[in-house]
DNA sequence: CGGGCCGTTGACGCAACTCAATCTGCGTGG
DNA sequence: CCACGCAGATTGAGTTGCGTCAACGGCCCG
């Protein structure tokens with residue numbers, strides 16, 4: 036129970052993906068992944084072959100905004116994986132008593148839909164958060180190709196294991212962290228993801244509503260709102276609606292790890 | 036958000052594995068899996084080949100009791116997966132602030148260690164709960180073989196997806212269920228697992244301590260204890276230490292879905 | 001203008017945590 | 001043999017974090 040190096044709950048993915056090379060300019064267009072994630076595994080083959088394989092694998096889709104478009108629905112037949120190109124996507128698990136759990140937010144470069152592989156039916160419903168684009172990967176074709184491209188097969192294994200790790204950490208956060216820390220966690224994850232995409236983190240906007248945050252973190256909407264206000268009061272960032280300014284990564288991280296010594300008084304000292 | 040059939044949070048695995056055929060007598064010895072799970076994927080090959088492959092893949096291990104033996108430790112190099120043969124195993128995630136989260140209990144037939152695939156280091160520590168035996172599967176060999184046995188590759192994908200589903204459901208339970216329901220959930224899962232192994236569920240003993248249960252469910256030990264007492268008072272089962280008697284599956288399930296109408300009084304009417 | 005949905009804030013109550021005491025079984029050593 | 005310590009489990013009493021309920025403002029859209 037000791038001796039083992041501890042683990043940073045927030046930084047799940049850093050090691051998992053090739054570092055964003057500076058050659059990728061398009062900030063929001065992190066279709067990088069689609070041109071990095073899978074293809075990186077195809078190094079062995081020739082460039083032309085690789086292009087061909089990619090073409091045969093990947094379709095590009097636009098998920099349109101406001102309409103809150105579904106990419107797939109729980110319990111419908113599974114046959115394709117998705118990679119976020121821009122925007123964000125949430126996946127929702129609806130349980131037998133009717134309440135819904137957001138099992139994950141997926142940002143540019145993230146792969147989702149893996150939960151359908153086991154039963155050949157999606158285990159969740161996925162919905163685009165506002166405007167988003169994804170690319171679709173035909174799974175049976177991917178599976179077939181991966182049998183003769185071991186590096187690709189290995190890559191799929193890794194992506195799946197990454198999802199498992201992510202969920203494990205999430206469980207740890209839900210079980211052992213306070214509401215404050217959970218919110219800090221979510222913001223940190225998003226900010227760090229943006230940074231990995233070489234996007235500005237001094238001013239950005241989060242793609243999900245308070246309700247989404249609440250459902251994902253297992254909190255009440257009001258609690259999320261209160262906490263955002265409080266964290267703002269602590270000057271960890273400024274937030275107006277979904278716009279976030281001047282986020283202090285280091286202090287936010289500290290706040291996530293353990294609530295700070297304690298402030299004189301939460302909100303009364305006037 | 037609607038229209039999609041809801042999902043039974045408890046019965047994760049039923050569909051995932053071949054039904055326990057009545058030909059498997061050895062109740063506790065569910066090394067069935069090791070002779071079912073992987074091999075089922077090797078149908079295409081001849082029997083002798085299959086035997087050979089299996090031999091080359093699988094080593095059998097005993098994990099001894101009280102000593103609380105570690106099978107692997109977080110952050111140490113990953114190279115083998117494990118399947119529980121008898122007893123039970125827990126996996127623990129230690130986070131940077133030092134608190135530990137039990138990310139899963141694994142029972143006979145279950146595969147664990149998958150979380151190491153991504154980074155090539157185990158993401159968790161695994162510990163045998165009391166006496167247990169497992170078999171070890173060399174992952175790189177498994178990976179190699181699976182490239183020319185597509186059914187095996189597919190099987191691995193499915194096992195990983197199953198783990199993802201399992202964790203998703205766990206998250207849903209942690210987020211949206213009361214302490215009572217969480218405890219009911221854990222008991223249900225275990226009882227149903229036993230039933231799938233054709234083992235008696237009228238009288239059995241759970242392999243984990245109250246502390247373990249608490250850590251896994253995100254509760255305080257005292258809460259777990261109180262709830263077990265309460266559920267017992269509701270006659271959902273009898274429990275003495277780790278021995279469970281006369282468990283009423285149906286009512287427990289009902290209790291998990293939604294707390295019953297409400298009993299006259301929790302514990303006072305003497 | 002009215003009725004949504006989203007977000008914020010306050011007042012209040014409860015479920016679950018914390019602290020603490022007790023009881024057990026178990027191993028260890030006098 | 002009993003005394004002792006220790007870890008697991010149970011139970012009670014007191015505290016609190018967060019959910020619930022309710023009211024309110026901003027915004028969009030019909």
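Residue numbers (the numbering used here), protein chains in the order written: chain A, 36 to 305; chain B, 36 to 305.
Just so you know, even glycine gets a beta-carbon here, dropped at the ideal spot from N, CA and C.
Could you list which residues in chain B have their beta carbon closer than 7 Å to that of residue i, in chain order?
i	result
residue 306 (chain A)	Residue coverage of chain A in this structure runs from 36 to 305, which leaves residue 306 (chain A) outside it and unanswerable.
Hey, residue i and residue j are a contact pair by Cβ (cut 8 Å); roughly how many whole angstroms apart?
i	j	result
residue 163 (chain A)	residue 141 (chain A)	Actually they do not touch by this definition, with Cβ atoms about 10 Å apart.
residue 119 (chain A)	residue 169 (chain A)	5 Å
residue 258 (chain A)	residue 185 (chain B)	With 8 Å as the limit, residue 258 (chain A) and residue 185 (chain B) do not qualify as a contact, their Cβ atoms being about 48 Å apart.
residue 20 (chain A)	residue 146 (chain A)	Here chain A has residues from 36 to 305 only, and residue 20 (chain A) is not among them.
residue 282 (chain B)	residue 241 (chain B)	About 11 Å; that fails the 8 Å criterion.
residue 223 (chain B)	residue 92 (chain B)	Not a contact, Cβ separation roughly 33 Å.
residue 291 (chain A)	residue 216 (chain A)	5 Å
residue 202 (chain A)	residue 199 (chain B)	7 Å
residue 207 (chain A)	residue 153 (chain B)	Actually they do not touch by this definition, with Cβ atoms about 17 Å apart.
residue 262 (chain B)	residue 214 (chain B)	6 Å
residue 161 (chain B)	residue 148 (chain B)	7 Å
residue 253 (chain B)	residue 209 (chain A)	7 Å
residue 187 (chain B)	residue 158 (chain B)	That pair is no contact at about 24 Å.
Is residue i close to chain A? Criterion is C-beta to C-beta, closer than 8 Å.
i	result
residue 258 (chain B)	no
residue 224 (chain B)	no
residue 134 (chain B)	yes
residue 115 (chain B)	no
residue 42 (chain B)	yes
residue 109 (chain B)	yes
residue 164 (chain B)	no
residue 243 (chain B)	no
residue 112 (chain B)	no
Return no unless some Cβ of chain B is closer than 8 Å to the Cβ of residue i.
i	result
residue 100 (chain A)	Residue placement at residue 100 (chain A) is flagged as unreliable, the pLDDT there being 45, under the threshold of 50; the coordinate-derived value follows with that caveat. Chain B contact via Cβ: absent.
residue 192 (chain A)	yes
residue 118 (chain A)	no
residue 128 (chain A)	yes
residue 247 (chain A)	no
residue 262 (chain A)	no
residue 68 (chain A)	Residue placement at residue 68 (chain A) cannot be trusted, given a pLDDT of 44 that sits under 50; the coordinates are not used to answer.
Since residue i meets chain A, which of its residues come closer than 8 Å, beta carbon to beta carbon?
i	result
residue 188 (chain B)	178, 181, 182 and 188
Residue i touches chain B at which residues, Cβ-Cβ below 8 Å?
i	result
residue 255 (chain A)	Result: empty, since nearest Cβ-Cβ is about 11 Å, beyond 8 Å.
Cβ closer than 9 Å: which chain B residues qualify as neighbours of residue i?
i	result
residue 92 (chain A)	Result: empty, since nearest Cβ-Cβ is about 16 Å, beyond 9 Å.
residue 211 (chain A)	130, 132, 134, 135, 136, 250 and 253
residue 235 (chain A)	The contacting residues do not exist; residue 235 (chain A) stays about 27 Å from chain B at best.
Name, please, each residue of chain A whose Cβ falls closer than 7 Å to the Cβ of residue i.
i	result
residue 197 (chain B)	153
Report the residues of the segment 272-292 of chain B with a CB closer than 8 Å to any CB of chain A, ordered along the chain. Contact residues of the segment 272-292 of chain B toward chain A are 292 (C-beta to C-beta distance below 8 Å).
Give, in chain order, every unbroken run of the alpha helix (DSSP H) that is at least 4 residues long and sits entirely within the segment 90-163 of chain B. Here no run is fully enclosed.
Return the residues of the segment 143-159 of chain B that lie within a Cβ-Cβ distance of less than 8 Å from chain A, sorted by chain order. Contact residues of the segment 143-159 of chain B toward chain A are 149, 150, 151, 152, 153, 154, 158 and 159 (C-beta to C-beta distance below 8 Å).
Which ranges does the beta strand (DSSP E) cover as unbroken runs of at least 3 residues, wholly within the segment 234-295 of chain A, from first to last along the chain? For the segment 234-295 of chain A, the continuous beta strand (DSSP E) assignments of 3+ residues that do not extend past its boundaries occur at 238-240, 273-275 and 278-280, in sequence order.
Only counting runs of 4 or more residues, tell me where the alpha helix (DSSP H) segments fall wholly within the segment 166-240 of chain B, in order along the chain. With a minimum length of 4 residues, the continuous alpha helix (DSSP H) runs that stay inside the segment 166-240 of chain B are 174-183, 185-211 and 214-231.
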